[in-house]
Every structure is written in structure tokens, then in C-alpha cells.
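Following: one structure in C-alpha cells, then a few remarks.
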Amino acid sequence: MTRETEETAATEQAPGRRDFLGIVTTAGTVTGLAACAVPFVQSLKPQDSASAHLPVDVDISKLTPGQQMTVVWQGKPVFIMRRTPEEIALLQDHALAEKLRDAESAANQQPAYARNWHRSLVPEYGVYVGICTHLGCVPGLNQPTGNTADTCGGYGCPCHGSKFDLAGRVYKGAPAPYNLPVPPYSMPSPTSIRLGENPKGQNFDFSTIEQI
Numbered sequence: 001m002t003r004e005t006e007e008t009a010a011t012e013q014a015p016g017r018r019d020f021l022g023i024v025t026t027a028g029t030v031t032g033l034a035a036c037a038v039p040f041v042q043s044l045k046p047q048d049s050a051s052a053h054l055p056v057d058v059d060i061s062k063l064t065p066g067q068q069m070t071v072v073w074q075g076k077p078v079f080i081m082r083r084t085p086e087e088i089a090l091l092q093d094h095a096l097a098e099k100l101r102d103a104e105s106a107a108n109q110q111p112a113y114a115r116n117w118h119r120s121l122v123p124e125y126g127v128y129v130g131i132c133t134h135l136g137c138v139p140g141l142n143q144p145t146g147n148t149a150d151t152c153g154g155y156g157c158p159c160h161g162s163k164f165d166l167a168g169r170v171y172k173g174a175p176a177p178y179n180l181p182v183p184p185y186s187m188p189s190p191t192s193i194r195l196g197e198n199p200k201g202q203n204f205d206f207s208t209i210e211q212i
């Protein structure tokens, strides 16, 4: 083989070699990204340990009207709100109901014992999983600035602007499709809430809700 022939052959082989190296590099990059992504995805899954599924008792004796506390249940933030008499009255306002997408809680986002106008066991306390049903951000609490349907406060999602009232009901026009979920819970006493345990005679499986 002449020198000119050798150079021609090398030139013809070079693109093939570059293509092979490109495939190897791409495969290595994808593998690396996958290796990084797997632990992240796995971290989003619920923990399978028995302790993660045990009921959580919460002392609400120091929660004053108008205040909210946040606790963790099964790795999820849960808002416990003590509503004022004025806020309870506003939840029954027809003008407010007209602004809500699912004012009657028709979608399966709560136990049967919370399918009412206040979406809870008792009107004074609201209990919701604090995860927006749009893309999973955590809404913030907006304090009431008045006693009308437009100033009654509620929850606002900082990511895409979804709004919920103080019963966790989503407003019309918001990107969130469903009300905030209500977890299974009971009240062993007037000053305590037990998350993850239904009241006696009730049976609600949280995994059956429409969306979280």
C-alpha cells in the first residue's frame, strides 16, 4: 500500500472512529446522569419502614384562633389551622362558594367525614396535606384582611399562583385541579389530633385520593 493510499484509508476511517467515540461519550454521560437521578427519584418515594406509617399525635392545646402549625406525616407537610369564628362563618358564604372550583368537595380528596363545608371533623380545626395539587409546591398561608369572600385569606402557591380558601378548596381559574388533600385523622381529645388514624367506624385509605 502506497503512502497516499494509507492516508486515504486513515481519512475514511476517522469519521467512523469519531462516531464511535461520540457514542461511548454519550452513553457515559447518560449513564452518569442516570446514576445521579436514581437516588433523587428514590428519595421522593414514601419510606417503607413501619415507623413511617404509624399514627402521629399532635398537641393542639396551644394553638390559638387564627394560628396554624405544620407537622410532618409520612414525609408530607400537614397544615393544622385553628379557624376563628369569623373565618368559620365566611366558609359558609355563598359568594365564596361561587369562586371555588369544587366547593362541595365532590372530588375524592378527603375522607367521607370531611366531605362538608369545612372539610374537617369539626369546623374549628382544618387539617390538610400542604402540597399544591398542581405540581407539588408547598402553599403559604395568607392571613385574612377582611370579612368578605375576596379578603378572607387562605393559601397561595408561590410557584404558579394557585389559591385555596381556609378549607383547602381551590379557586376557579387556578392551575391546581383539585382541593388540598385531607389526610385520615381523628381527635382522641378536644386538644389533640392523631394523623393517620380514622375515627372509630370510619375507613378511609389515603392512597385512593384523586391527586397529590
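Residue 1 is where the sequence shown starts when you use UniProt numbering, and the numbers rise one by one after that. Think of the CB as a built atom: it goes at the ideal place given N, C-alpha and C, for glycine as much as any other residue. Every value quoted in this text rests on a predicted model; they were computed, and no experiment measured them.
- Message: Considering Cα atoms alone, identify which of 80, 57, 89, 75 is closest to residue 64.
- Response: 80
- Item | Candidates 210, 161, 144, 160: closest to residue 154 by CA position | 144
- State the Cα-Cα distance for the pair residue 137 and residue 99, rounded to the nearest angstrom. 22 Å
- Task: Just the C-alpha distance for residue 112 and residue 204, rounded to the nearest angstrom, thanks.
- Result: 8 Å
- Message: So, with DSSP's three-state summary, where would you put residue 26?
- Response: Only weak support exists for where residue 26 lies, its pLDDT of 35 falling under 50; the value from the coordinates is given anyway. In the structure shown, residue 26 sits in a helix (DSSP, three-state: H, G or I).
- Message: Which residues does DSSP list as the beta-bridge partners of residue 189?
- Response: 192
- Item | Straight-line Cα distance separating residue 114 from residue 207 | 16 Å
- Select from 60, 167, 148 the residue whose C-alpha is nearest the C-alpha of residue 102. 167
- Message: Please return the same chain residues whose Cβ sits closer than 7 Å to the Cβ of residue 107, not counting the five positions on each side in sequence.
- Response: 178, 179, 210
- If we count Cβ pairs, one from each stretch, closer than 8 Å, do we get three or more for the stretch 84-98 versus the stretch 156-164? no
- Among all the DSSP beta bridges, which residues are the ones paired with residue 58? 193
- Message: Let's see if you can read the secondary structure: which residues bound the alpha helix (DSSP H) around residue 85?
- Response: 85-90
- Query: With DSSP run on the structure shown, which of helix, strand or coil describes residue 208?
  - Reply: helix
- Query: Between residue 184 and residue 147, what straight-line distance do the alpha-carbon atoms span, to the nearest angstrom?
  - Reply: 30 Å
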